[in-house]
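Asks: Please see the structure below; I have some questions.
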Amino acid sequence: MKKKDLIKKWLDNEPFSSEESEAFKNLNAHDSYVKISETAKKFKSPEYNIEENLQSLQNTLADHKKNSGSKNHLTFLLRIAAVFVFCIGTYFMFFTKDTITVNTLASQKTSIELPDKSIVALNTLSSIDYQKKDWETNRKVKLDGEAYFKVAKGKKFDVITSSGVVRVLGTQFNIKQRKDYFEVVCYEGLVSVTYDKNIIKLPAGSSFRVLQNEILSSHTSLLKPNWTENKSVFSSTPYKYILREFERQYNVKIIAKNIDQDKLFTGNFVHSDIQTALQSITIPMRLNHKMNDNNITLYKQ
Numbered sequence: 342m343k344k345k346d347l348i349k350k351w352l353d354n355e356p357f358s359s360e361e362s363e364a365f366k367n368l369n370a371h372d373s374y375v376k377i378s379e380t381a382k383k384f385k386s387p388e389y390n391i392e393e394n395l396q397s398l399q400n401t402l403a404d405h406k407k408n409s410g411s412k413n414h415l416t417f418l419l420r421i422a423a424v425f426v427f428c429i430g431t432y433f434m435f436f437t438k439d440t441i442t443v444n445t446l447a448s449q450k451t452s453i454e455l456p457d458k459s460i461v462a463l464n465t466l467s468s469i470d471y472q473k474k475d476w477e478t479n480r481k482v483k484l485d486g487e488a489y490f491k492v493a494k495g496k497k498f499d500v501i502t503s504s505g506v507v508r509v510l511g512t513q514f515n516i517k518q519r520k521d522y523f524e525v526v527c528y529e530g531l532v533s534v535t536y537d538k539n540i541i542k543l544p545a546g547s548s549f550r551v552l553q554n555e556i557l558s559s560h561t562s563l564l565k566p567n568w569t570e571n572k573s574v575f576s577s578t579p580y581k582y583i584l585r586e587f588e589r590q591y592n593v594k595i596i597a598k599n600i601d602q603d604k605l606f607t608g609n610f611v612h613s614d615i616q617t618a619l620q621s622i623t624i625p626m627r628l629n630h631k632m633n634d635n636n637i638t639l640y641k642q
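Per this note's numbering, the sequence shown starts with residue 342, numbered consecutively.
Next comes the structure, spelled out in structure tokens:
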């Protein structure tokens, strides 16, 4: 009988003939097989007491609370946060008394319906919060990031950002507020933008942009922002802002080697295919790229 057949028969606990038993004993690894078998017989599945383990977990949490200033406690909290974010998927929502906060993660988008049936579409890595209790008399939303609003008609509707305040009565508009970048585009109705104590009226088809403290007004024929159709479009925008948006949409880190990131870029990239998107932002700039996991290096040709 072949060696593998002998071992299989032994593992299946089938009886050996005298000839097979002698052959098995003569195997080079016979002693090892026997030791493994004897050791395995000593194992038994651990008992699990739910009440005891629950109490143990509660004690552990109490210990961490006592040492709230320690580095281990911070690591513990970060691990909990990581598990929490992983489990909730596309976006997560917090309820604190009457305040509702909605956040999107990197490379993710979502839509929210407000109490008056207004719709807010959140771009990646953005957040809004609002008071639900007195919404009918105080339609006010705080925004960090980028969002497209379809506001139901009614009393005044304010969107508050760190760069300025946008006020409407019932319309469709997009607000983008990032570091050193503030843009409002009106697609329907009339929008009032308060920026640096100045009030700017935006009718449908017009936009207002502040880029590195430089104000620019322009027009658009679009009916809604491109990002809602998974495309980022730029016009005469410093290259560094394109790279930041790319990082948000694809959840990657871009390293630009010896590249003038203040050079203006006009073009677009899609959110559905990273290779196609990379070509869209590198070929016009005469750049090459290398990918290593979530890190992308850009360099001159």
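We treat Cβ as the ideally placed atom computed from N, Cα and C, and that holds for glycine. Owing to the predicted nature of the structure, the values given are computational and were not obtained by experimental measurement.
#1: Which residue from 479, 367, 488 puts its Cα closest to that of residue 568?
#2: Below 8 Å on the Cβ atoms is my guess for residue 483 versus residue 469; work out the distance and round it to an integer in Å.
#3: Any idea what DSSP makes of residue 618, helix, strand or coil?
#4: Any heavy atom of the ligand SAM closer than 6 Å to the Cβ of residue 623?
#5: Which complete beta strand (DSSP E) runs does the region 519 to 589 hold, if anything under 3 residues is left out?
#6: Under three-state DSSP, which class holds residue 364?
#7: Taking the Cβ atom as the reference point for each residue, do residue 640 and residue 633 lie within a distance shorter than 7 Å?
#8: Between the alpha carbons of residue 455 and residue 517, how many angstroms are there, rounded?
#9: Output the boundary residues of the beta strand (DSSP E) element that contains residue 600.
#10: How close, in whole Å, do the beta carbons of residue 615 and residue 582 come, if the pair is a contact with beta carbons under 8 Å?
#11: Closest to residue 558 by C-alpha separation, out of 564, 462, 576, 566, would be which residue?
#12: Measure the alpha-carbon distance for residue 464 versus residue 450 and round it to whole angstroms.
#13: Can residue 500 and residue 535 be called in contact, C-beta distance under 7 Å?
#14: By alpha-carbon positions, which one of 595, 531, 552 ends up nearest to residue 542?
#15: Closest to residue 522 by C-alpha separation, out of 514, 553, 494, 539, would be which residue?
#16: Secondary structure at residue 623, three-state DSSP: helix, strand or coil?
#17: Near residue 490, which residues of its chain fall below 6 Å by C-beta distance, leaving aside the five closest residues on each side in sequence?
#18: Of the residues 571, 472, 367, which one's Cα is nearest the Cα of residue 589?
#19: Return the first residue and the last residue of the beta strand (DSSP E) that residue 488 is part of.
#20: In whole angstroms, what separates the C-alpha of residue 612 from that of residue 474?
#21: Nearest to residue 471 by alpha carbon, out of 457, 493, 440?
#22: According to DSSP, which residues form a beta bridge with residue 499?
#23: Going by C-alpha to C-alpha distance, which of 598, 573, 610 sits closest to residue 631?
#24: Where does residue 627 land, buried or exposed, given buried means 16+ other C-beta within 10 angstroms?
#25: For residue 551, tell me which candidate among 637, 504, 642 has the shortest Cα-Cα distance.
#26: Would you list the residues sitting across from residue 461 in a DSSP beta bridge?
#27: What's the call for residue 625, buried or exposed, on a 16-neighbour Cβ count within 10 Å?
Replies: Checking against the coordinates, here is how it stands:
#1: Sorting 479, 367, 488 by C-alpha distance to the C-alpha of residue 568 places 488 at the top.
#2: About 6 Å separates the CB atoms of residue 483 and residue 469; that is less than 8 Å, so the two are in contact.
#3: Three-state result, residue 618: helix.
#4: Questions concerning the ligand SAM fall outside what the structure shown contains, since it holds no ligand whatsoever.
#5: Listed in chain order, the complete beta strand (DSSP E) runs (minimum 3 residues) inside the region 519 to 589 are 522 to 529, 531 to 536, 539 to 544, 547 to 552, 555 to 560, 572 to 579.
#6: Shown here, residue 364 sits in a helix according to DSSP, grouped into three states.
#7: No, they are not a contact pair.
#8: For the pair residue 455 and residue 517, the Cα-to-Cα distance works out to about 19 Å.
#9: DSSP places residue 600 outside any beta strand (DSSP E), giving it a letter other than H or E.
#10: Taking a contact as a CB-CB distance under 8 Å, the pair residue 615 and residue 582 does not count as one, their CB atoms being some 18 Å apart.
#11: Closest in C-alpha terms to residue 558, from the list 564, 462, 576, 566, comes 576.
#12: Roughly 5 Å separates the two Cα atoms.
#13: Not closer than 7 Å, so no.
#14: Nearest of 595, 531, 552 to residue 542, Cα basis: 531.
#15: For the residues 514, 553, 494, 539, the minimum Cα distance to residue 522 belongs to 553.
#16: In this structure, residue 623 counts as helix in the three-state DSSP scheme.
#17: 461, 514.
#18: With distances taken between Cα atoms, residue 589 lies closest to 571.
#19: Following the DSSP letters along the chain, one finds residue 488 inside the beta strand (DSSP E) bounded by residues 480 to 491.
#20: Rounded to whole angstroms, the separation of the alpha carbons of residue 474 and residue 612 is 36 Å.
#21: It is 440.
#22: In the DSSP assignment, the residues bridged to residue 499 are 481, 508.
#23: The shortest C-alpha separation from residue 631 is found at 598.
#24: Residue 627 counts as exposed, since fewer than 16 other C-beta atoms from the protein chains shown sit within 10 angstroms of its C-beta.
#25: Residue 504 is the option with its Cα nearest to residue 551.
#26: Paired residue(s): 453, 490.
#27: With fewer than 16 other Cβ atoms within 10 Å, it is exposed.
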